[in-house]
């Protein structure tokens, strides 16, 4: 079977699909990953065929836009600068690579253009969501920035909030989407998020039920598997100074604002101050060295990239942005979570980490050294948090989760 995989987003969005792609390859399938040219080297080093949508420079222009991390501007920025230019390439590659009757598409949450390809080329499609917040529900409602209605509110209020929020989202998406569909003889879409987002063939949630329990109003074609844990482990030679640092003292607290965060200056500056206040050691992970304070104490080190699976099991806690891929790595490592949520799915992931009893968080305006230090002390001094984190880590069965994901993809191709 030939499988076309369309992830869209940052490293945290692309990594899981590389993991799925490698697993499908190992089962004898032909796999192509179609995403931003920024990830060409990574995909090829993973041994998977690559096709590019736009250039690395295009990706960097989006990545460098501070509105990408704004609580209410982020989605519109993504639509304007990434989604709207993807419809044509997505369809072109589907036409080029399609083997009728032998091809399946897997689409990340933002790869809306695959729905057009499904209709025009009759290729089975699975919509693949990495986080529970991507499922609309009036039961356990995903928490979103700027959405004030609490979980205990009656369902009619939750439904109203979704109606209002989706009018805003559709206002960003529909003009260019429907222009493209008209050009290709397709009927216009009326409501993207409420009616059209999920493929009618299959929806896969790449997270376990204990992280995102299915809700009664989720699409009936939804199946949950588990976290795909690919993080480039074994693809990098680890710097010897990392091992020296890890062996030189107590497990450090790891700080990372996310792989695409080019504006993390204050995150790291306040984090280093908090480490000094608590007397803890720290590891700062960022591909943007200009965001790191100019002089670091000996107890704090910076590295551009280290696979989480190599460092988190040897760390005390993780301070991060709340992205679901990073969240999964901390859950597997069995350490406490400290989330500074900014946009996208991050606030909802924080709520789930709190519900699980393994972490806490602060909003960006609250993320100051003394408050960071207090939250760290509270988490690391709480035996219940430490015990619960280790308990959840023992529940990971990544081989079984990946096997189930591959079976769902294969079943789609066998229909």
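Residue numbers (my numbering): 6 to 420.
For every residue, glycine included, the Cβ atom is placed at its ideal position computed from N, Cα and C.
Rounded to a whole number of angstroms, what is the C-alpha to C-alpha distance between residue i and residue j?
i, j, result
"residue 323", "residue 285", "13 Å"
"residue 98", "residue 216", "34 Å"
"residue 65", "residue 172", "29 Å"
"residue 16", "residue 45", "12 Å"
"residue 409", "residue 364", "29 Å"
"residue 61", "residue 316", "28 Å"
"residue 33", "residue 100", "22 Å"
"residue 105", "residue 128", "8 Å"
"residue 399", "residue 116", "33 Å"
"residue 206", "residue 130", "6 Å"
"residue 249", "residue 118", "47 Å"
"residue 3", "residue 386", "The question about residue 3 has no answer here: the residues shown for the chain are numbered 6 through 420."
"residue 28", "residue 35", "11 Å"
"residue 391", "residue 141", "32 Å"
"residue 298", "residue 309", "14 Å"
"residue 359", "residue 220", "19 Å"
"residue 178", "residue 258", "40 Å"
"residue 289", "residue 51", "26 Å"
Reducing DSSP to helix, strand and coil, say where residue i ends up.
i, result
"residue 365", "strand"
"residue 43", "helix"
"residue 253", "coil"
"residue 55", "strand"
"residue 229", "strand"
"residue 271", "helix"
"residue 261", "strand"
"residue 123", "helix"
"residue 117", "coil"
"residue 216", "coil"
"residue 198", "helix"
"residue 375", "helix"
Going by other Cβ atoms of all chains shown within 10 Å of its Cβ, with 16 needed for buried, is residue i buried or exposed?
i, result
"residue 389", "exposed"
"residue 252", "exposed"
"residue 357", "buried"
"residue 330", "buried"
"residue 31", "exposed"
"residue 354", "buried"
"residue 189", "exposed"
"residue 376", "exposed"
"residue 203", "buried"
"residue 187", "exposed"
"residue 342", "buried"
"residue 146", "buried"
"residue 135", "buried"
"residue 366", "buried"
"residue 371", "exposed"
"residue 419", "exposed"
"residue 11", "buried"
"residue 275", "buried"
So who's on the other strand from residue i, going by DSSP bridges?
i, result
"residue 310", "DSSP, once it has assigned bridges, lists no residue as partnering residue 310."
"residue 110", "9, 130"
"residue 323", "259, 342"
"residue 35", "7"
Looking only at C-alpha atoms, which of the options sits nearest to residue i?
i, options, result
"residue 407", "321, 213, 145, 60", "213"
"residue 305", "200, 318, 279", "279"
"residue 294", "237, 273, 244, 371", "273"
"residue 394", "404, 379, 296, 361", "361"
"residue 19", "29, 6, 48, 7", "48"
"residue 222", "261, 96, 137", "137"
"residue 21", "139, 378, 334", "334"
"residue 368", "351, 194, 110", "351"
"residue 196", "176, 12, 392", "176"
"residue 122", "396, 107, 93, 181", "93"
"residue 318", "40, 55, 346, 338", "338"
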